[in-house]
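Protein chains in written order, with this note's numbering: chain W, 1 to 371; chain L, 372 to 479. Even for Gly, the Cβ is constructed at its ideal location relative to N, Cα and C. Owing to the predicted nature of the structure, the values given are computational and were not obtained by experimental measurement. Remarks on the structure that follows.
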Amino acid sequence: MSRVRVLVGTRKGAFLLTSDGKRASWEVSGPHFGGWEIYHLKGSPADPDRLYASQSSGWFGQVIQRSSDGGKTWETAGNKFAYQGVPGTHLWYDGTPHPWEFARVWHLEPAPGDPDTVYAGVEDAALFKTTDGGRSWQELPGLRQHRSAGLWQPGAGGMCLHTILLDPARSGRIFVAISAAGAFRSDDGGQTWLPINKGLQSEGIPDPTAEVGHCVHRIAMHRSRPDVLFMQKHWDVMRSDDGGGSWREVSGNLPSDFGFPIDVHAHEPETIYVVPIKSDSEHYPPDGKLRVYRSRTGGNEWEALTNGLPQRDCYVNVLRDAMAIDALDPCGVYFGTTGGQVYVSADAGDRWAPIVQHLPAVVSVEVQTLP
Amino acid sequence: MSAAGAAGRAVIRVVLPAHLRTLARVDGEVKIEVEGPVTQQSVLTALEARYPALLGTIRDQVTQRRRPFLRFFACEEDLSNEASDALLPEAVIAGAEPYLVVGAMAGG
């Protein structure tokens, strides 16, 4: 019977949650790296026992951890993230030029065919790559050297590259998203980049339809249809049917179209999930009700999923990397909250139950479907 | 200036904060052999060579600057803003006093 392993990054360590395919009974391992912020953990599709973790601290900086036995033991990997050449400047919050400074790794994306190849999205926004299992990291500088980069500004959480999608159909096509620069696409393995923000409308910037400057919170795709992208923006849920060439809004009947994560059903490419949050200044669910919203029509028509989720006095947030979906049938949907709960639905969202309820604030959730 | 401080080999006692001891997989203070002049720079370089997991956690690997929330103490003195190539106190070089890497008391 298949198993699942849920990788949870929190403000104070990492936790691994494992279950069989029923996803009803769970073993909890952790905290790993207790006391450190774990922005993200992810397993290699090529070798599920190869895990990578981004461990960081305001005191001690960035550490990368690597496991070759599914998280039983860990070893430190390379943590030198040096921008290539003269880093240059982007805009600071006050509009003045500010030098690019590495702060932390927000997202690790192992390549599908090789457990030693991993992409890392970092703050200040840049994309790095390792081909030796994390021993050394090289920047793909074409993104940071894009002609628009001098105009990029950080969002409230920092100028982070938080989303990396590797196109499973087109070798060399990579999508990334940066807060608050927007979404970008490369068709040559990260050498050159194109802003893909046409159709986005952001009232918080001087030109609401500018080429860059949009606070994209997350993008997602279904691997069977990589030209179809879904986006949770600062405000607005968006959809592209042409690989990011243009976007249209699909917020429809959501109670709020502000939020952070967005994800796609494992077997139904038109079924997507978001967690509406009240507003950009009130980072909690509307009306104190924690509701996942599911659209089976690729957007616009949404249904609230509430069975098993708190429907009163709930004021947690769900961060951008804190939702994941397994590959079982029916697929499991997972999300973690800033209140330390990790919820699972083993039936694609119809019913929910907490796996754990008292972890530190959850930053990221990933899931591996294991044989 | 002592002979050890100028050119010999010294064994320096280093006290690390708890998180770095965990990262380096050591208990208590560590003893680091330092060749040549015993300065903050040479001690930290020898420390990082002995425990590569500490690379980048005390000093930025690119700029070599001390991380802002870490301080360096010895002999009841704050050496954090001293020149990195200045010799450490004789008592540290002689092994009578440890060199302390201290995490700032802030948040957490």
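Cross-chain neighbours of residue i in chain W, by beta carbon under 9 Å
i        : result
L:Val433 : Lys80, Phe81, Ala82, Tyr83 and Phe102
L:Thr428 : Ser57, Trp59, Phe60, Gly61, Gln62, Val63 and Asn79
Length of the line joining the Cα atoms of residue i and residue j
i        : j        : result
W:Ala77  : W:Val63  : 7 Å
W:Pro45  : W:Arg5   : 13 Å
W:Pro208 : W:Ser148 : 16 Å
L:Ile403 : L:Ala454 : 20 Å
W:Asp20  : W:Gly259 : 31 Å
W:Val212 : W:Leu161 : 14 Å
W:Val274 : W:Gly95  : 32 Å
W:Arg104 : W:Val118 : 16 Å
W:Val228 : W:Gly172 : 17 Å
W:His107 : W:Gln232 : 17 Å
W:Val28  : W:Pro354 : 12 Å
W:Val86  : W:Glu139 : 12 Å
W:Asn307 : W:Tyr315 : 17 Å
W:Ser56  : W:Asn197 : 31 Å
W:Gly150 : W:Pro97  : 8 Å
W:Phe15  : W:Gly9   : 7 Å
W:Gly61  : L:Val382 : 27 Å
W:Gly113 : W:Ser224 : 17 Å
L:Val405 : L:Leu394 : 21 Å
L:Val472 : L:Glu419 : 13 Å
W:Trp193 : L:Tyr422 : 39 Å
W:Gly13  : W:Val363 : 10 Å
W:Asp280 : W:Val237 : 14 Å
L:Cys446 : W:His283 : 48 Å
W:Arg185 : W:Gly88  : 22 Å
Minimum Cβ-Cβ distance from residue i to chain W less than 7 Å
i        : result
L:Arg542 : With chain L covering 372 to 479 only, the question about residue 542 of chain L has no answer from this structure.
L:Ala420 : no
L:Ala424 : yes
L:Met372 : Residue placement at L:Met372 is poorly supported in this model, since its pLDDT is 43, which falls under 50; the coordinates still yield a value, given next. For L:Met372, the answer is no, since every Cβ of chain W falls outside 7 Å of its Cβ.
Neighbouring residues, chain W, relative to residue i (Cβ below 8 Å)
i        : result
L:Ala475 : Trp59
L:Leu441 : Trp59 and Phe60
Chain L contact residues for residue i, given Cβ-Cβ distances below 9 Å
i       : result
W:Gly35 : Ala389, His390, Thr393 and Gly479
Same chain, Cβ closer than 8 Å to residue i, five either side skipped, listed in chain order
i        : result
W:Met159 : His90, Glu123, Asp124, Ala125, Trp152, Gln153, Ile178, Ser179, Ala180 and Ala181
L:Gly376 : Interpretation of L:Gly376 is limited by its pLDDT of 49, a score under 50 that renders its predicted location unreliable; no figure is taken from the coordinates.
L:Arg438 : Thr428, Ile429, Arg430 and Asp431
W:Tyr83  : Trp100, Phe102, Ala126, Glu139, Pro141 and Arg144
W:Glu301 : Gly252, Asn253 and Ser295
L:Gln449 : In the sequence as presented, Gln is not what sits at residue 449 of chain L; that position holds Asp. Result list for L:Asp449: Arg442 and Phe443, in chain order.
Sequence-distant residues of its chain with Cβ nearer than 7 Å to residue i (five each side left out)
i        : result
W:Ser345 : Gly332, Val333, Arg351 and Trp352
W:Ser68  : Asp49 and Arg50
W:Glu109 : Lys42, Val118, Tyr119, Ile164 and Leu166
W:Trp92  : His98
W:Ala327 : Ala266 and Thr369
W:Cys215 : Gly155, Ser179, Ala180, Ser202, Lys233 and His234
Residue i: contacting residues in chain L (beta-carbon distance under 8 Å)
i       : result
W:Thr76 : Leu394, Pro423 and Ala424
Sequence-distant residues of the same chain with beta carbon closer than 6 Å to residue i, five excluded per side
i        : result
W:Arg294 : Tyr273, Glu303, Leu305 and Gly349
W:His222 : Val264 and Pro269
W:Ala324 : Tyr334, Val365, Glu366 and Val367
W:Gly189 : Gly172
Chain L within 7 Å of residue i, Cβ atoms only
i       : result
W:Thr10 : no
Are the region 280 to 298 of chain W and the region 67 to 77 of chain W in contact at 8 Å, needing three or more beta carbon pairs? The region 280 to 298 of chain W makes no contact with the region 67 to 77 of chain W, as fewer than three CB pairs between them are under 8 Å.
Does the region 161 to 171 of chain W come into contact with the region 193 to 208 of chain W, if we say contact requires no fewer than three beta-carbon pairs (one atom in each stretch) closer than 8 Å? The answer is no - the region 193 to 208 of chain W does not touch the region 161 to 171 of chain W, with fewer than three Cβ pairs under 8 Å.
Evaluate the contact criterion for the region 307 to 314 of chain W versus the region 250 to 270 of chain W: three or more CB pairs, one atom per stretch, below 8 Å. Taking 8 Å as the limit for Cβ pairs, the verdict is that the region 250 to 270 of chain W does not touch the region 307 to 314 of chain W.
Counting Cβ pairs, one atom from each stretch, are 3 or more of them under 8 Å apart for the region 235 to 250 of chain W and the region 319 to 329 of chain W? Segments in contact, no.
At least 3 beta-carbon pairs within less than 8 Å: the region 444 to 464 of chain L vs the region 417 to 429 of chain L: no
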